Structure formats: structure tokens, C-alpha cells
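Data first, discussion second: the structure below is written as C-alpha cells.
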DNA sequence: ACCTGAACACCGTTCAAGT
DNA sequence: ACCTGAACACCGTTCAAGT
């Protein structure tokens with residue numbers, strides 16, 4: 001991974017690649033320009049010749065990760081295309097550890113470089129028979145849904161000793177009175193480490209495949225139904 | 235807002251309140267323990283008597299914001315309860331500028347203090363006739379959907395001069411060829427600043443009410459349908 | 001054009017010391 | 001118990017200078 005001194009010149013691509021490595025190793029919180037420079041055997045300030053500041057570097061990293069997301073097969077049904085889009089997005093985040101925090105918040109600002117995503121979503125909605133007057137809110141619904149689950153599944157969990165966090169959650173679970181919250185107590189055992197708010201591992205260590213599939217189904221079904229409704233009452 | 239020196243003692247509550255003020259003013263990126271100490275006329279290290287580090291402070295801030303989210307009226311239909319939950323969540327984020335980045339990623343780790351949210355969601359799902367064997371994935375679907383749209387709507391946009399960003403987006407929009415992306419070009423005008431990826435203002439400056447309502451409808455409809463399906467094929 | 005090198009104004013956090 | 005104060009090991013970023 002390490003650039004041989006005085007052989008390869010720097011480039012945006014090399015910097016981004018090394019930045020992704022560092023984020024994967026240590027997380028986005030502790031990621032620093034100085035570290036990426038160190039790894040590339042150069043000076044922190046050299047990075048500034050390629051990126052005007054840390055934020056734009058992070059933005060281009062997000063773009064890089066997003067580059068594989070939009071499906072380019074056009075022989076798909078609209079709902080298969082959307083399902084594949086959602087899965088591609090999840091895979092992209094999954095294959096770049098600790099990247100989730102960045103994407104959910106910054107995609108909206110930086111993925112514009114690729115019109116294929118926007119055009120693909122709109123085309124899918126039109127094929128689904130969405131009335132043109134409702135394309136914009138529906139488009140927003142799709143983008144938000146694409147990011148929502150994945151941002152949480154792979155999002156930041158406290159990285160202090162995982163065992164400590166597990167203990168804290170289990171202890172909290174014990175304290176819940178079954179007379180006060182009978183429904184919660186009934187499902188608590190099977191929710192431990194499999195449900196949001198009750199997990200001590202995130203999606204990288206303990207994937208939520210079944211939940212994600214359910215989520216996608218709910219979304220696609222809701223989209224169909226809602227478009228049906230919209231066509232009934234113009 | 236400023237604590238009078240040597241009159242009020244410090245407390246968790248006071249620190250959290252001032253931290254929320256600072257985040258609202260300057261954003262979560264530049265929020266620092268040293269700044270909140272300065273505002274409270276005390277030393278940075280005094281904060282560490284109340285919070286073991288910056289991350290736990292941020293966690294408790296997130297908890298504070300979440301404290302108003304779970305509806306406590308129990309005379310609601312399950313879908314009205316869920317709709318209200320979604321709206322409460324959006325309102326909470328909306329009323330605490332720049333807090334969105336924090337919540338989406340950290341709620342999952344810190345909201346556990348309040349079993350009412352978990353119990354409420356499970357109870358709503360049971361009332362909706364969700365089969366017990368599918369409660370966990372459905373619960374995850376609900377939580378992810380609650381956070382998804384709002385995290386993006388109020389999420390971080392580049393804070394460099396907004397005008398500059400607008401210009402950049404408009405320029406990019408001009409370049410899109412209508413022969414290559416006819417559907418996108420058709421809707422582009424109405425999408426500018428109203429759609430994810432094509433906005434230069436976030437939800438605080440330009441709310442996405444219509445899209446959010448559509449999103450909630452899609453989700454609730456999808457939930458109904460999916461539960462129907464699950465009950466057909468056990 | 002591309003990188004070096006020093007410098008500035010910040011950080012979070014630890015630790016010892018005060019009251 | 002609660003706060004002061006100094007110190008440490010970091011940051012991002014600017015600017016002038018080198019090649």
C-alpha cells in the first residue's frame with residue numbers, strides 16, 4: 001500500500017485510495033490529513049495541492065464510494081432496478097468500513113457528478129406510472145430510503161471496549177419491568193444485538209440482512225400502492 | 235444564556251444546554267469542549283468532571299433531543315401513532331439546528347434510556363397485526379425509516395458561501411444533455427433546490443414538507459401491505 | 001506544476017494540585 | 001466533590017520558499 005518514496009508522483013486517486021484505507025482501519029473520527037500524508041511519505045501540506053481542504057477530500061471520497069452504485073443494466077423492471085440500486089448502495093458502504101457516517105450526510109452534496117443516478121430513479125418512477133406532478137417528492141422518497149437503513153446499519157457505535165457496551169445494554173435490559181412494558185419484555189431476548197438501539201455491534205460485525213430485505217420490500221410495496229392512490233385521485 | 239461567574243454551579247443540564255446553543259450557532263463540526271467551557275466561564279477540564287469525554291457529551295446531547303420524540307398518548311391507532319412518532323422526530327431535529335448528523339448515527343447507541351420508544355414501536359406493530367416472528371425486522375424497518383429522511387433533509391451541506399454552491403449546481407445542470415438523459419432534463423427545473431443531490435440549502439432553510447409527507451405515506455402503506463403478505467404465507 | 005518547511009491558532013485529554 | 005492550571009500530543013490550514 002505504501003508509496004515508494006520518490007517513485008510514484010502523488011495524485012488525487014492515490015490520495016483517495018490511501019484515505020479510504022486509513023478510514024477503514026481507524027474510522028472517520030480519527031482520520032487526519034497528516035496521517036494520510038505520513039502514509040504517502042510526503043508532507044501534510046502537499047495534500048493541499050490536490051484538495052482545497054479536508055472537506056472536499058472527504059467529499060471526493062464519498063463520490064468514489066458511490067461510483068459503483070447506480071445499476072447500468074437497463075433491461076430490468078423498475079422495481080428490480082430499484083431493488084438492485086438499494087443493494088448496490090448497501091454493498092458499497094459495506095465494502096468500505098466506517099464510511100457510512102460520511103455518505104448519508106454528504107452524498108446529497110457531492111454525488112451530482114453522476115447524472116445516471118438521478119436519471120435512473122426518475123426513469124424507474126415513470127415506468128412505475130408515477131404521475132409527473134409527483135415525481136419530485138417521490139424521487140426524494142427513493143433517495144432517502146436508499147440511504148436510511150444503511151446509514152444506521154453501518155453507522156458509528158461507541159468504539160470503547162465492545163464488551164463493556166454489551167454489559168451496559170444487558171444490564172439496562174434487566175431493569176425493564178414486564179408489568180410496565182410487557183410487549184417490549186416479551187421480545188427483548190431476540191432483539192439483543194439484532195435491533196437498532198439494542199446492538200453493541202454494527203453492520204460490519206453483525207449484518208442485518210433479514211431486516212434490510214424486509215425494509216426494501218416495505219418500501220417497494222409502499223411505492224406501488226402510493227402510486228396507485230395518486231393515479232386514482234388526480 | 236451566559237452563566238454568571240461564581241453564582242450558578244455547573245451541572246450536566248447546564249453544559250448540555252450550552253452545548254446545544256453552540257451547535258445551533260456554529261454546527262457540530264466546529265463544536266469543541268473548549269468553546270463550551272469558555273461560554274460557561276470555566277475551564278475546559280471542568281467539563282470532564284461531568285462527562286468522561288467528548289463522545290459521551292455528544293451522546294447525552296442526542297438523548298436530550300430525543301426525549302420529546304416518543305408520543306405518550308395511547309388512544310391512537312397504530313398508524314396514527316407511528317405517523318406522530320415520525321413527525322415528532324422530524325420536529326425535534328428541526329428545532330435543534332445542525333443536530334441531524336449526530337442523531338442518525340448515535341441514536342442507536344444512546345436512546346436506550348427510554349424504553350417507551352422501543353415498547354411503543356413494538357406495540358404498534360402488534361396492533362397492526364404483525365406476526366410475532368417478524369417483529370424484529372419490522373421494528374428495525376420502523377426505526378431506520380424514522381431516521382432516514384430526516385437525517386438527509388437536515389444533514390450537513392457544504393457551508394462555504396451558499397451562492398457559490400448554487401452556481402456550481404446550476405452550471406452542472408446546464409451540462410446535462412437532453413439526448414442522453416431525457417427524463418432527467420425534463421424534471422430538472424423543478425428539482426433544483428427541492429431535491430436531494432440538487433439542493434444548495436438544507437431543511438432548515440428550505441423544508442421538504444411535501445416530500446416528507448409522501449415518504450411517510452409510502453412507508454405506512456408499505457407496512458400495511460407487507461404485514462398482509464406475511465399473514466397470508468406463514 | 002508540484003512539493004518542502006516552518007509557523008499559527010487551534011484541538012481533546014491527562015494529571016497534579018488546589019479548595 | 002468540584003474546579004484550577006499546566007502540559008502533552010495532536011489537529012487543519014496559510015504562507016513563503018524551493019525545484
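Residue numbers (the working numbering), protein chains in the order written: chain A, 1 to 234; chain B, 235 to 468. Don't be surprised by glycine CBs; every beta carbon is placed ideally from N, CA and C. These numbers come from a predicted model, not from an experiment.
{"Item": "Buried or exposed, going by whether 16 or more other CB atoms sit within 10 Å of the CB of residue 70/A?", "Value": "buried"}
{"Item": "Indicate whether at least one CB of chain A lies closer than 7 Å to the CB of residue 415/B.", "Value": "yes"}
{"Item": "Leaving aside the five residues before and after residue 8/A along the sequence, list all residues of the same chain whose C-beta is less than 8 Å from its C-beta, in chain order.", "Value": "14"}
{"Item": "Quick one: grab the DSSP three-state call for residue 37/A.", "Value": "helix"}
{"Item": "I want to verify the contact list: residues of chain A whose CB lies under 7 Å from the CB of residue 444/B, in sequence order.", "Value": "137"}
{"Item": "If we cut at 7 Å on Cβ distances, does residue 457/B have a partner in chain A?", "Value": "yes"}
{"Item": "Using a Cβ-Cβ cutoff of 7 Å, what residues of the region 169 to 195 of chain A are near chain B? List them in chain order.", "Value": "169, 172, 176, 181, 183, 184, 187, 190, 191, 194, 195"}
{"Item": "Residue 120/A and residue 339/B - do their beta-carbons sit closer together than 7 Å?", "Value": "no"}
{"Item": "Drop a sphere of 10 angstroms on the beta-carbon of residue 277/B, count the other beta-carbons inside from all chains shown, and report buried for 16 or more, exposed for fewer.", "Value": "exposed"}
{"Item": "Do three or more CB pairs link the region 184 to 194 of chain A to the region 33 to 47 of chain A at distances below 8 Å?", "Value": "no"}
{"Item": "For the region 359 to 366 of chain B and the region 280 to 296 of chain B, state whether three or more C-beta atom pairs, one from each stretch, are separated by less than 8 Å.", "Value": "no"}
{"Item": "At 4 residues or longer, what runs of the alpha helix (DSSP H) sit wholly inside the region 372 to 436 of chain B?", "Value": "396 to 409, 416 to 425"}
{"Item": "Report the three-state DSSP secondary structure of residue 332/B (helix, strand or coil).", "Value": "coil"}
{"Item": "Just the C-alpha distance for residue 378/B and residue 438/B, rounded to the nearest angstrom, thanks.", "Value": "21 Å"}
{"Item": "On the criterion of 16 or more Cβ atoms from any shown chain inside 10 Å, does residue 164/A qualify as buried, or is it exposed?", "Value": "exposed"}
{"Item": "For residue 452/B and residue 141/A, which I take to be in contact (beta-carbon distance under 8 Å), what is that distance rounded to the nearest angstrom?", "Value": "5 Å"}
{"Item": "Hey, how far is the Cα of residue 271/B from the Cα of residue 216/A?", "Value": "45 Å"}
{"Item": "Taking its Cβ as the centre, do 16 or more other Cβ atoms sit within 10 Å of residue 226/A, making it buried, or is it exposed?", "Value": "buried"}
{"Item": "Hey, how far is the Cα of residue 67/A from the Cα of residue 309/B?", "Value": "47 Å"}
{"Item": "For residue 95/A, which option in 137/A, 210/A, 24/A has the closest C-alpha, if you only look at C-alpha atoms?", "Value": "24/A"}
{"Item": "For residue 145/A, which residues in chain B fall below 7 Å Cβ to Cβ?", "Value": "382"}
{"Item": "Does the beta carbon of residue 218/A sit closer than 7 Å to a beta carbon anywhere in chain B?", "Value": "yes"}
{"Item": "Alpha carbons only, please: which of 26/A, 153/A, 184/A is nearest the one belonging to residue 211/A?", "Value": "153/A"}
{"Item": "So, with DSSP's three-state summary, where would you put residue 243/A?", "Value": "Lying before the first or after the last residue shown, residue 243/A is absent from chain A, which here runs from 1 to 234."}
{"Item": "Can a CB atom of chain A be found closer than 7 Å to the CB of residue 390/B?", "Value": "yes"}
{"Item": "Within 7 Å of any Cβ in chain A, is that where the Cβ of residue 349/B sits?", "Value": "yes"}
{"Item": "Looking at the unbroken alpha helix (DSSP H) that takes in residue 44/A, where does it start and where does it end?", "Value": "44 to 47"}
{"Item": "Flag this pair as yes or no: are the beta carbons of residue 90/A and residue 371/B separated by less than 7 Å?", "Value": "no"}
{"Item": "Measure the alpha-carbon distance for residue 176/A versus residue 415/B and round it to whole angstroms.", "Value": "55 Å"}
{"Item": "CA-CA distance, residue 194/A and residue 367/B?", "Value": "14 Å"}
{"Item": "Kindly list, in the order they appear in chain B, the residues whose Cβ is closer than 9 Å to that of residue 197/A.", "Value": "341, 342, 343, 344, 345, 346, 351, 352, 377"}
{"Item": "Roughly how many angstroms separate the alpha carbons of residue 10/A and residue 35/A, rounded to a whole number?", "Value": "15 Å"}
{"Item": "When burial is assigned at 16 or more other CB atoms within 10 Å of the CB, is residue 62/A buried or exposed?", "Value": "buried"}
{"Item": "Which same chain residues, not among the five before or five after residue 173/A, have their C-beta less than 6 Å away from its C-beta?", "Value": "188"}
{"Item": "Check whether chain A comes within 7 Å of residue 449/B, counting only Cβ atoms and requiring the distance to be less than that.", "Value": "yes"}
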